[in-house]
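S.K.:
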Amino acid sequence: MRHLAIRLRHFTPWLFVQELLTKPAAVGAIWPSSDRLARCMAAHVPTGYGLVVELGGGTGAVTQALLERGLAPERLLVIECSPTFVRHLRQRFPGVTVLHGDATELANLLPNSVPIDAIVSSLPLRSLPADDTATILAQWCRVLPVGGIAIQFTYDLRGMHRRPLHGFVERASDIVWANLPPARVQAFEFRRLEHPIDAA
Ligand SMILES: C[S@@+](CC[C@H](N)C(=O)[O-])C[C@H]1O[C@@H](n2cnc3c(N)ncnc32)[C@H](O)[C@@H]1O
Numbered sequence: 001m002r003h004l005a006i007r008l009r010h011f012t013p014w015l016f017v018q019e020l021l022t023k024p025a026a027v028g029a030i031w032p033s034s035d036r037l038a039r040c041m042a043a044h045v046p047t048g049y050g051l052v053v054e055l056g057g058g059t060g061a062v063t064q065a066l067l068e069r070g071l072a073p074e075r076l077l078v079i080e081c082s083p084t085f086v087r088h089l090r091q092r093f094p095g096v097t098v099l100h101g102d103a104t105e106l107a108n109l110l111p112n113s114v115p116i117d118a119i120v121s122s123l124p125l126r127s128l129p130a131d132d133t134a135t136i137l138a139q140w141c142r143v144l145p146v147g148g149i150a151i152q153f154t155y156d157l158r159g160m161h162r163r164p165l166h167g168f169v170e171r172a173s174d175i176v177w178a179n180l181p182p183a184r185v186q187a188f189e190f191r192r193l194e195h196p197i198d199a200a
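Residues 1 to 200 (the numbering used here) are what the sequence shown spells out, left to right.
1) Quick check: the Cα distance between Thr84 and Glu19, rounded to an integer number of angstroms?
2) Should Phe11 be listed as close to ligand 1, given that the test is whether its C-beta is under 7 Å from any heavy atom?
3) Per DSSP, Leu99 forms a beta bridge with which residues?
4) Would the segment 99–114 and the segment 66–86 be scored as touching if the rule is three or more Cβ pairs under 8 Å?
5) Heavy atom of ligand 1 less than 7 Å from the Cβ of Val52, yes or no?
6) Out of Leu71, Arg192 and Thr154, which has the shortest C-alpha to C-alpha gap to Pro181?
7) What residue from Ala42, Ala38, Asp117 and Asn179 has the CA that sits closest to Tyr49's CA?
8) Note down the Cα distance separating Thr22 from Val86, rounded to an integer number of angstroms.
9) Please confirm if the segment 60–68 is in contact with the segment 33–46, defined as three or more CB-CB distances below 8 Å between the two stretches.
10) What distance in whole Å lies between the Cβ atoms of Gly147 and Phe190, which are believed to be in contact at a cut-off of 8 Å?
11) DSSP has Leu157 in a bridge; who is on the other side?
12) Between Ile79 and ligand 1, is there a pair consisting of the residue's CB and a ligand heavy atom that are separated by less than 7 Å?
13) Quick check on Glu68: buried or exposed, where buried means 16 or more other Cβ atoms within 10 Å of its Cβ?
14) Please report the distance separating the alpha-carbon of Ala25 from that of Pro124.
15) Go through its chain and collect everything with a Cβ distance to Leu42's Cβ below 6 Å, but skip five positions before and after it.
16) Do Gly58 and Ser122 have their C-beta atoms within less than 8 Å of each other?
17) State the CB to CB distance for the pair Ile149 and Val45, rounded to an integer number of angstroms; the pair is presumed to be in contact (CB under 8 Å).
18) Quick one: measure Cβ to Cβ for Leu106 and Val143, integer angstroms, because I've assumed they're closer than 8 Å.
19) Where does Leu110 sit, in a helix, a strand or coil, going by DSSP?
20) Apart from the five residues just before and just after Asn179, which ones in its own chain have a Cβ nearer than 7 Å to its Cβ?
21) From what residue to what residue does the alpha helix (DSSP H) around Val232 run?
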């Protein structure tokens, strides 16, 4: 019985469902990201030398795909607000820096003077409070250099086109059917802010 309890604790869907029940809006999904979804997100990360920042690492499906794609662990920084997921991610990926923090504070969490190549976000931007989502997107504009890439998935298969990201142009958009539920992955390139917004 004790064995079963220990195995369940490390069974990622179980961990995910427990978090979902306590913080549904922050988790914003009914099941961990599938391998297909995670690989699709990782495929849009450019090869480079700067940091790749993963937001909302959760159980680590996307973290795993980024590493499997060849990203060196020291180039990956994961930011996650749930202490339970942070503990899990640190155990599962000992070579990766996992910060316990909030994506609304992104600029304060990142090391100065290290260029950011890409943001890979599993954040549930549609279920978070609208103010938080606006702050998070403003932070992306603050930390990404021109040409930096932001990758996001959404369960709205039409994508984020109805709420365009200020300062970004879409570079790729794919539907991943093998996910629960199916999702659209979009990759955006940061250009510049046409109308400066408060990115504090
Ligand atoms: C859709 S789930 C993650 C899915 C993940 N790819 C997986 O397979 O487990 C969203 C994640 O974002 C995290 N999150 C939500 N709001 C956040 C915030 N403001 N800052 C950092 N992480 C946040 C949640 O705790 C959760 O782990």
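For every residue, glycine included, the Cβ atom is placed at its ideal position computed from N, Cα and C.
M.R.: Based on what the coordinates show:
1) Along the sequence shown, one-based indexing puts residue 84 at 84. Along the sequence shown, one-based indexing puts residue 19 at 19. Distance between the alpha carbons of Thr84 and Glu19: 8 Å.
2) Residue 11 sits at position 11 when you count from the first residue of the sequence shown. Every heavy atom of ligand 1 is 7 Å or more from the Cβ of Phe11, so no.
3) Here residue 99 refers to the residue found at position 99 of the sequence shown. Paired residue(s): Ile79.
4) In short, these stretches touch, since the Cβ pair count reaches three.
5) If you number the sequence shown from 1, residue 52 lands on position 52. For ligand 1, not one heavy atom lies less than 7 Å from the Cβ of Val52.
6) Position 181 of the sequence shown, counting from 1, holds the residue named residue 181. With distances taken between Cα atoms, Pro181 lies closest to Thr154.
7) By 1-based counting over the sequence shown, the position of residue 49 is 49. Answer by Cα proximity: Asp117.
8) Sequence index remark: in the sequence shown, residue 22 carries index 22 (1-based). Sequence index remark: in the sequence shown, residue 86 carries index 86 (1-based). The straight-line gap from Cα to Cα measures roughly 16 Å.
9) yes
10) Locating residue 190 in the sequence shown gives position 190, where the first residue counts as 1. Locating residue 147 in the sequence shown gives position 147, where the first residue counts as 1. For a cut-off of 8 Å, the C-beta gap from Phe190 to Gly147 is around 7 Å, short enough to register as a contact.
11) As a first step, residue 157 must be located in the sequence shown, where it is residue number 157. Leu157 pairs with nothing; no bridge assigned.
12) As a working note, residue 79 is residue 79 in the sequence shown. Yes, since a heavy atom of ligand 1 falls inside the 7 Å radius drawn around the Cβ of Ile79.
13) One-based indexing of the sequence shown puts residue 68 at position 68. Flag for Glu68 reads exposed.
14) Within the sequence shown, residue 25 is the residue found at index 25, counting from 1. Within the sequence shown, residue 124 is the residue found at index 124, counting from 1. Roughly 8 Å separates the two Cα atoms.
15) Translated into the one-based positions of the sequence shown, residue 42 becomes position 42. In the sequence on display, residue 42 carries Ala and not Leu. Closer than 6 Å at the Cβ level, and outside the excluded window around Ala42, lie Ala65, Leu66 and Arg69.
16) Mapped onto the sequence shown, residue 58 falls at position 58. Mapped onto the sequence shown, residue 122 falls at position 122. Cβ distance < 8 Å, so Gly58 and Ser122 count as in contact.
17) The residue you call residue 149 lines up with position 149 of the sequence shown. The residue you call residue 45 lines up with position 45 of the sequence shown. Between Val45 and Ile149 the Cβ distance is about 7 Å, and since that is below 8 Å, they are a contact.
18) Residue 106 sits at position 106 when you count from the first residue of the sequence shown. Residue 143 sits at position 143 when you count from the first residue of the sequence shown. That belief holds up - the Cβ atoms of Leu106 and Val143 are roughly 6 Å apart, short of 8 Å.
19) Translated into positions along the sequence shown, residue 110 becomes position 110. Three-state DSSP puts Leu110 in coil, outside helix and strand.
20) Within the sequence shown, numbered from 1, the residue matching residue 179 stands at position 179. Excluding residues within five positions, the ones whose Cβ falls inside 7 Å are Ser33, Ser34, Arg36 and Leu37.
21) The structure shown does not extend to residue 232, since the chain spans only 1 to 200, so no value can be given for it.
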